[in-house]
Every structure is written in C-alpha cells, then in structure tokens.
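Only one structure is covered here, and it is reproduced in the block below.
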Amino acid sequence: MATMQATRIAALDDVVDCHKLGEGRPPLFIVAREGAFAGIAEATGWITRHRPALDALIRTHGGVVLRGFPLATSEDFSAAMGCFEEFSGGYQGGAAARRSVAKGVYEATQRTGDQSIPIHQEMFYIRDYPPRLAFFARKVAEKGGETKIADMRAITAALPPAVRDRLEALGIRNVRNFAAKTGSAQQDRLMDKRGWDFAFYTDSEVEVDAICARRHMEPLWHEDGSLTVFNQEDAFVVHPQTGERIYRSGLHLEHFYGGSYDNTGAAAQLRASQKYPSGAFLGDGSALSAEDDAALCAVVDRYTYQWPWQDGDLMLLDNLLTGHGRRPFEGTRATEVALLD
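Following this note's numbering from start to finish, the sequence shown increments by one per residue and tops out at 662.
Have a look at this one:
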C-alpha cells in the first residue's frame, strides 16, 4: 500500500483508512485498521451501517476493495453479501460455468491458470445484467492470477471516432454456442463444448426457450441437440443512477473468441467449424476492420489496472462503470463471486 495515495473519506469512520491507485483510477481501497473488527458479525454490522456511503463510493470510483476485514471462508463472504441485495436475474444462460458454493456465492470462472481472461463487463451479452459484482479472494495464487479491472468511463470517452460511429449506427450482435445436453457438470476447456443444460441450470428445452424469451435472446436448436443463442444490443448503456452513457460490449474480445484463450489451437479450430461462430459482432453481423479492432483494444488496455491481491480481499464493482478480467497464474487460486443488484 506504500505506493498508493492516501485519501480521507468523511462518510467513513476512523476504523478504516482509504487509498487510491492514483487520481481518477479505480478502485478505492478501504483498509480496516488492526483490531477494528472482532469477527465477521462486527464487520457485516459496519458494512450495513455504511451501505449508503459504500453505494456512493462504488459509483464514484467504479469500485471499492475492502481489505483487512475478517473474511476467510465462503460463509464469511456470503455473510458480507447478505448486506446487499442479490441480483434477481441469476446466472441462467451465462457464458462461463459457475458452481454455487454458498448462499448467493459462486466460484469464479474455472479457466486453467495458463489462460488469461480479458476485460469485460459481467454478462455483457444479456440485457438484464447484474448492476454490481463482488469478488472475494479466498486464496490468492502463488504467482499471478490477479483480478484486473478497467475504467469503462475512460474507455468510452477515448473510443476512436470511427469505432464509436459504427457502434452507434449498428449496435452489437452476440452469438454464443452450447453443446448438446451433457447431464453432467463436467467442464470442458473449450467454452462452446459446455452443455446447454449446465449453462441454463435445467435439462428442459422448453425452460431454456422461456429463459431466452425473458432475457431477450433468440435460441436456435440444431438436429444434434446443440444450441446457438443470438441477441441484439445497443453498444452503449445509460447508467441508471449517474445518467452516463457507457460502452458495454464484447466487441474488443475478438482475439479471445478467436481462440487466444486456448493455447492448443482447438478453440480456433472449433470456431472455424461453426455455422454461427461465437463472438460479439457489429449489429449487421460484420466485424471491425483490423485497424479499428487494434485501436479499440489499445484503448481498453490503456485504462486497465492491476495490483497485488491479498487473501481475504473483497472487491465490489459497478458492473457497467468497471470491467474486469484475470491474469494467468501458477499454483492454487480460489476466487469467488456474487451478483448484486
């Protein structure tokens, strides 16, 4: 913390100290002083009392990190999340496989440590996305594995005019593929080989159709039992509290969808074989030019930040104002997530 900037937040009491990575950079670190809390009950009591201030700080800074709070287990994380409202939409139809580990708590994406997860907003491919997220570092990896974040306000403001104009005119078309029903929670290294039953938490095609209708998605069933899901979205979303218009899209993830997340080449081969390749495209189905794609990715990289995590860190993010991703890692990493209203 020595390289961070100390800052005083009048709305928080003197049992915590606050720091920033730099002026205008998310997130705000809220660090409990030694002996501030005797246990999880005292910590959750503090969170509840300071909810209005925390809500405002999450909006202002894009996110906050609670550090030094007595959080060690999934149950502790669940108790802390009980101070907030759970996202009512759930994770049905989500892109990444997630297993529930406690009330309101899921394991983070279980991509292997050699894979990097690029910056994105959670469930960017669905209109009714969780407004906020929480990440809990139950155990940090021996090397790497940091959850990184990006300032979507700054990214939106810095979008190249040519890219912005195309996004405004065409919007976004999302395409995602799921394998036939597997009857098993066994995960495949390749995202598109996950069974639709695991992704939608049901083995009923009728229920999947109903979920898609509720979430403004168009399902296309194939003869082999596999599923392709489409949906059209605007590339910019107005924040319900601040009124800011923010870029929300996976268009900058083309290299990830194209197979860069899998070093074996199998992902790229699978995508090349798909009638409707998974990915985020312009609304007419076209892709950005290589030049525009490089410019967009450069803007995202410019406003991406990372720092060393500690066991027990809890990060609360505004899911529109702040994107997130993950660095590759070595060793054991246990990160959990909650979807919040």
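Idealized CB from N, CA, C, for every residue including glycine.
Close CB contacts of Ala353 within its chain, under the 6 Å cut and outside five residues either way in sequence, are with Val337, Gly389, Phe390 (chain order). Arg372 and Glu657 have their C-alpha atoms spaced approximately 21 Å apart.
With fewer than 16 other Cβ atoms from the protein chains shown falling within 10 Å of its own Cβ, His543 counts as exposed. Spanning the alpha carbons of Gly516 and Ala501 requires a straight line of approximately 5 Å.
Residue nearest to Leu349 within the set Val386, Trp367, Leu638 is Val386 (criterion: CA-CA distance). By the Cβ criterion, the stretch 606-625 is not in contact with the stretch 530-546, since fewer than three pairs of Cβ atoms, one from each stretch, lie closer than 8 Å. If you compare the alpha carbons of Val422, Leu548, Ser399 with that of Asp518, the shortest gap goes to Leu548. Residue range 539-542 is occupied by the beta strand (DSSP E) that includes Trp542. Distance from the Cα of Thr643 is smallest, within the candidate group Ile351, Gly366, Asp376, Lys469, for Lys469. Comparing alpha-carbon positions, the option among Arg648, Lys514, Leu603, Gly652 lying closest to Gln595 turns out to be Lys514. In the DSSP secondary-structure assignment, Asp545 is not bridged to any residue. Scanning the stretch 475-519 for uninterrupted alpha helix (DSSP H) segments of 4 residues or longer gives 482-491, listed from N- to C-terminal end.
Beyond the five residues adjoining it in sequence on each side, Ile532 comes within less than 7 Å, by CB distance, of Gln413, Gly414, Phe521 in the same chain, given in chain order. Here Asn498 is not near Glu554, since their CB atoms are 8 Å or more apart. Along the stretch 356-444, the alpha helix (DSSP H) occurs as fully enclosed runs of 4 or more residues at 361-370, 372-382, 395-402, listed in sequence order.
DSSP, reduced to helix, strand and coil, places His560 outside both helices and strands of the structure shown, so it counts as coil. Put simply, of Glu428, Tyr446, Arg346, Ser409 the residue whose alpha carbon is nearest the alpha carbon of Arg459 is Glu428. Arg647 sits buried, since 16 or more C-beta atoms from the chains shown fall within 10 Å of its C-beta. Met473 has its alpha-carbon roughly 11 Å from the corresponding atom of His382.
For Ala587, the closest of Met512, Ala616, Ala601 by C-alpha to C-alpha distance is Met512.
The straight-line gap separating the alpha-carbon atoms of Gly604 and Phe551 is approximately 11 Å.
Excluding residues up to 5 positions away in sequence, Arg566, Ile567, Arg569, Leu641 lie with their Cβ nearer than 8 Å to the Cβ of Val558 in the same chain. If you draw a 10 Å sphere on the C-beta of Arg420, you find fewer than 16 other C-beta atoms in it, and that means exposed. For Ala534, there is no enclosing beta strand (DSSP E); the residue is found in the alpha helix (DSSP H) stretching over 526-535. A buried status is given to Gly466, since no fewer than 16 other beta-carbon atoms sit within 10 Å of its beta-carbon.
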